[in-house]
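Visitor: By the count of the UniProt record's numbering, the sequence shown reaches residue 444 at its end, each step adding exactly one. Pasting a structure below so you can have a look.
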Amino acid sequence: MTGLLPSHSGIFDNGCEWHSDIPTFGHRLRNAGYQTILAGKMHFVGADQLHGFEERLTTDIYPSDFTWVPNWQDKTDRPDWFHSMDSVLNAGPVLRSNQIDFDEEVAYAARRKLFDLARKREDTRPFCMVVSFTHPHDPFNIEPRWWDLYADSEISLPNVPAAVEAHPSEDRIRAACGIEAQPPSNADILRARRAYYGAISYVDHQLGQLLAVLRETGLDKTTAIVFTSDHGEMLGEHGQWYKMSFREGAGRIPLIMSTPDDDQPLRITQAVNLTDVGETLCALAGAAAAPQTDGRDLTPLLKGQEWGVDEVFGEYLGEGTFEPTVMIRREKWKFIHTPGDPDQLYDLSEDRDEERNLAQVPAYAAIAHAFRTEALQRWDFGKLTESVLLSQQRRALVKRALATGRCTSWDYQPPANAHRAYIRNHRPLEQLEAEARLLPQGIG
């Protein structure tokens with residue numbers, strides 16, 4: 001939302017406060033005349049639970065306080081709130097779960113809001129609505145109707161090359177997730193992968209329902225649509241689960257964009273970043289530039305034009321590591337650097353599964369050295385580490401204090417006004433019914 005990498009936004013992890021003075025694409029779109037609406041998950045931490053959205057339809061599935069503060073100082077500390085292998089060991093079909101309850105609420109609220117926008121009762125401004133589902137995500141449980149779309153026999157076991165397992169970064173992530181303490185069986189792994197595929201189909205269904213409302217109301221003729229995710233899922237590949245990694249399984253995510261004036265579908269292979277999404281939305285809306293951004297406007301790519309260098313930069317400053325981890329993806333190369341760890345260099349054109357780390361191979365020494373030099377020039381790892389540690393220490397202290405005595409929650413409570421819902425006496429009945437009546441396209 002900010003268009004900034006963590007080192008520039010100060011939002012280092014999912015337990016970090018979003019400072020209200022950092023503009024988001026929500027603020028910029030509001031300044032450009034848009035109404036901005038959020039339904040679903042957003043990981044906002046702190047008293048500000050809107051960050052540019054003027055309306056929020058649901059609460060978040062995750063806490064808005066400092067519960068999820070990492071602790072880089074204690075390398076033996078495994079937070080009790082962090083990912084564990086329970087999500088894999090208990091994978092399978094369920095009738096309901098926290099995650100299903102949440103996404104059903106999000107889907108309903110979003111569809112209803114789209115109908116309200118089509119009615120245009122009072123506000124005729126263009127809109128930007130973010131609908132954020134928690135699926136597909138661990139825990140790996142999904143309803144039988146989606147589970148039954150797949151069979152264990154159709155799903156392969158993950159690729160776990162022995163040569164990659166020895167890298168320290170992989171060991172740390174496995175330790176953080178408790179993989180060695182609770183190693184899953186092949187049957188566990190297949191159930192988890194099957195449930196995840198089912199969750200993808202579930203989200204596809206929910207997206208289809210939203211698109212159907214746009215078509216039914218005619219909003220599709222004036223609405224740009226963007227579909228993406230905040231991260232992928234390793235699903236046992238390379239012996240890893242969940243995220244916390246720059247491997248393709250965790251970091252390579254879909255980005256699908258459609259605008260009403262699209263005349264020919266394009267498949268773009270150039271690497272882009274989530275920081276680019278907000279810049280692109282603002283460009284499509286004619287919003288003013290941000291004071292600071294790491295994002296890029298992707299609209300030239302949407303038109304099939306040549307566009308910049310095929311590169312992206314990434315940072316990871318959360319759990320499963322104890323120092324900043326950065327990534328440079330340029331053309332066919334992916335370079336990953338963590339101070340104190342052996343570097344990682346992969347040729348994705350020849351090694352899409354990232355099985356051969358070329359960083360220590362003499363024939364690629366010059367390439368690895370050039371990337372390492374660039375990383376050391378781009379990032380001040382010592383200063384960044386100090387900033388992260390100070391933030392963690394501050395939040396840990398505040399977390400303990402706020403858990404003592406009277407607690408005032410930051411969790412968002414969606415407002416509700418029953419006095420003006422449905423049929424009330426604030427307007428004549430005929431007027432209320434007329435305003436609520438939304439006819440099919442082509443009628444009326």
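In this text, a Cβ means the ideal position worked out from N, Cα and C, and glycines have one as well.
#1: Tell me, please, which residues DSSP counts as bridged to V226.
#2: In the structure shown, what three-state DSSP assignment does V203 receive?
#3: Is the region 350-359 in contact with the region 375-389, if contact means three or more CB pairs nearer than 8 Å?
#4: What separation, rounded to the nearest whole angstrom, lies between the Cα atoms of E341 and A250?
#5: Taking C-alpha atoms, which residue in T299, R30, N186, E122 lies nearest to T259?
#6: Out of Y364, F322, E306, I336, which has the shortest C-alpha to C-alpha gap to E386?
#7: Runs of 4 residues minimum, wholly inside the region 151-202: which ones carry the alpha helix (DSSP H) assignment?
#8: Under 7 Å Cβ to Cβ from G320, same chain only, skipping five residues before and after it: list those, please.
#9: Hey, could you find the ends of the beta strand (DSSP E) residue 501 is sitting in?
#10: Quick test of your reading: M257 and L302, contact by CB under 8 Å. State the CB separation rounded to the nearest angstrom.
#11: Between L429, T217, D310, D230, which has its C-alpha nearest I443's C-alpha?
#12: Quick one: Cα of residue 527 to Cα of S97, how far?
#13: Our contact map puts Q206 next to F102 with C-beta atoms below 8 Å; I'd like the distance itself, whole angstroms only.
#14: Using the rule of at least 16 other Cβ atoms within 10 Å of the residue's Cβ for burial, across every protein chain shown, is H51 buried or exposed?
#15: What does the alpha-carbon distance come out to for the pair E105 and R252?
#16: Return the residue from the list A416, A436, R420, R427 that minimises the CA-CA distance to T58.
#17: Jot down the residue ranges of each uninterrupted beta strand (DSSP E) in the region 15-75, minimum 3 residues, whole runs only, in chain order.
#18: Helix, strand or coil for P79 per DSSP?
#19: Find the nearest neighbour of A366 within the set F381, L345, E354, judged by alpha-carbon distance.
#20: Are the CB atoms of K399 and V69 nearer to each other than 8 Å?
#21: If distances are taken between C-alpha atoms only, which option among S7, R267, R125 comes closest to T222?
#22: Output the boundary residues of the alpha helix (DSSP H) element that contains Y108.
#23: Which residue comes first and which comes last in the beta strand (DSSP E) that contains H337?
#24: Relative to the C-alpha of V226, which residue among I100, E435, D353, C128 is closest?
#25: Output yes or no for whether 8 Å exceeds the beta carbon distance between S87 and W146.
#26: Among the candidates Q270, Q240, D263, F313, whose CA atom is the shortest distance from the CA of T331?
#27: Put V398 into one of helix, strand or coil per three-state DSSP.
#28: From E311 to G3, what does the alpha carbon distance come to, in whole angstroms?
#29: Going by DSSP, what residues sit across from N417 in a beta bridge?
#30: May I ask which residues mark the beginning and end of the alpha helix (DSSP H) holding G249?
#31: Roughly how many whole angstroms lie between the Cα atoms of L438 and Q431?
#32: Go ahead and label G236 buried or exposed: buried means 16 or more other beta carbons lie within 10 angstroms of its beta carbon, across all protein chains shown.
#33: Note the first and the last residue of the continuous alpha helix (DSSP H) segment covering I367.
#34: Tell me the rounded alpha-carbon separation between T36 and D123.
#35: For S132, which beta-bridge partners are listed by DSSP?
#36: For I268, which residues of its own chain have a beta-carbon under 7 Å away from its beta-carbon, when the five flanking residues on both sides are left out?
Guide: In this structure, then:
#1: The residue labelled residue 226 in the question sits at position 226 within the sequence shown. Beta-bridge pairing links V226 to M257.
#2: Residue 203 sits at position 203 when you count from the first residue of the sequence shown. Helix at V203.
#3: no
#4: As a position in the sequence shown, residue 341 is number 341, starting the count at 1. As a position in the sequence shown, residue 250 is number 250, starting the count at 1. Checking the sequence shown, residue 341 turns out to be Asp, not Glu. If I take the Cα positions, the gap works out to 20 Å.
#5: Walking along the sequence shown from the start, residue 259 turns up at place 259. Looking at the Cα atoms, T299 is the closest of the given residues.
#6: As a working mapping, residue 386 is identified with position 386 in the sequence shown. Comparing Cα-Cα distances from E386 to each of Y364, F322, E306, I336, the minimum goes to F322.
#7: Correct list: 162-165, 168-177.
#8: As a position in the sequence shown, residue 320 is number 320, starting the count at 1. R172, I173, A176, M244, listed in sequence order.
#9: The displayed coordinates of the chain run from 1 to 444. Any statement about residue 501 would go beyond what the structure contains.
#10: Here residue 257 corresponds to residue number 257 of the sequence shown, with the count starting at 1. Here residue 302 corresponds to residue number 302 of the sequence shown, with the count starting at 1. Rounded, the Cβ-Cβ distance is 6 Å, consistent with contact.
#11: Residue numbering aside, residue 443 sits at position 443 when the sequence shown is read from its first letter. Taking only the C-alpha atoms, the option nearest I443 is T217.
#12: Since the first and last residues shown for the chain are 1 and 444, residue 527 lies out of range.
#13: Translated into positions along the sequence shown, residue 206 becomes position 206. Translated into positions along the sequence shown, residue 102 becomes position 102. Not confirmed; about 12 Å, so no contact.
#14: As a position in the sequence shown, residue 51 is number 51, starting the count at 1. So H51 counts as buried.
#15: Taking the first residue of the sequence shown as 1, we reach residue 105 at position 105. Taking the first residue of the sequence shown as 1, we reach residue 252 at position 252. Approximately 28 Å between the Cα atoms of the pair.
#16: As a first step, residue 58 is located in the sequence shown; it is residue number 58 there, counting from the start. Closest by alpha carbon: A416.
#17: 35-40
#18: Position 79 of the sequence shown, counted from the start, is the residue given in the question as residue 79. Coil, per DSSP.
#19: Translated into the one-based positions of the sequence shown, residue 366 becomes position 366. A366 has its Cα closest to that of L345, out of F381, L345, E354.
#20: Numbered from 1 along the sequence shown, position 399 holds the residue referred to as residue 399. Numbered from 1 along the sequence shown, position 69 holds the residue referred to as residue 69. Yes; because the gap between Cβ atoms is below 8 Å, this pair is in contact.
#21: For the purposes of this step, residue 222 is identified with residue 222 of the sequence shown, where counting begins at 1. Comparing Cα positions, the closest option is R125.
#22: Numbered from 1 along the sequence shown, position 108 holds the residue referred to as residue 108. That run of the alpha helix (DSSP H) goes 98-119.
#23: As a first step, residue 337 must be located in the sequence shown, where it is residue number 337. Run containing H337: 333-337, per the beta strand (DSSP E) assignment.
#24: The count along the sequence shown starts at 1 and reaches residue 226 at position 226. The candidate whose alpha carbon is nearest that of V226 is C128.
#25: Indexing the sequence shown from 1 puts residue 87 at position 87. Indexing the sequence shown from 1 puts residue 146 at position 146. No; because the gap between Cβ atoms is not below 8 Å, this pair is not in contact.
#26: The residue given as residue 331 occupies position 331 in the sequence shown. Rather than Thr, the amino acid found at residue 331 in this sequence is Glu. Closest option to E331, Cα to Cα, is Q270.
#27: Locating residue 398 in the sequence shown gives position 398, counting from the first residue. In this structure, V398 counts as helix in the three-state DSSP scheme.
#28: The count along the sequence shown starts at 1 and reaches residue 311 at position 311. The count along the sequence shown starts at 1 and reaches residue 3 at position 3. Cα to Cα, the separation comes out at about 16 Å.
#29: Counting from 1 along the sequence shown, the entry for residue 417 is found at position 417. Answer by DSSP bridge pairing: none, since N417 is not bridged.
#30: As a position in the sequence shown, residue 249 is number 249, starting the count at 1. First-last of the alpha helix (DSSP H) with G249: 248-251.
#31: Here residue 438 refers to the residue found at position 438 of the sequence shown. Here residue 431 refers to the residue found at position 431 of the sequence shown. When rounded, the distance between both Cα atoms is 13 Å.
#32: Taking the sequence shown and counting its residues from 1, one reaches residue 236 at position 236. Label assigned to G236: buried.
#33: Taking the first residue of the sequence shown as 1, we reach residue 367 at position 367. 365-378 is the span of the alpha helix (DSSP H), which, as asked, contains I367.
#34: In the sequence shown, residue 36 corresponds to position 36, counting from 1. In the sequence shown, residue 123 corresponds to position 123, counting from 1. Each residue's alpha carbon lies about 12 Å from the other.
#35: The count along the sequence shown starts at 1 and reaches residue 132 at position 132. The partner list for S132 (beta bridge, DSSP) reads G40.
#36: One-based indexing of the sequence shown puts residue 268 at position 268. L301, listed in sequence order.
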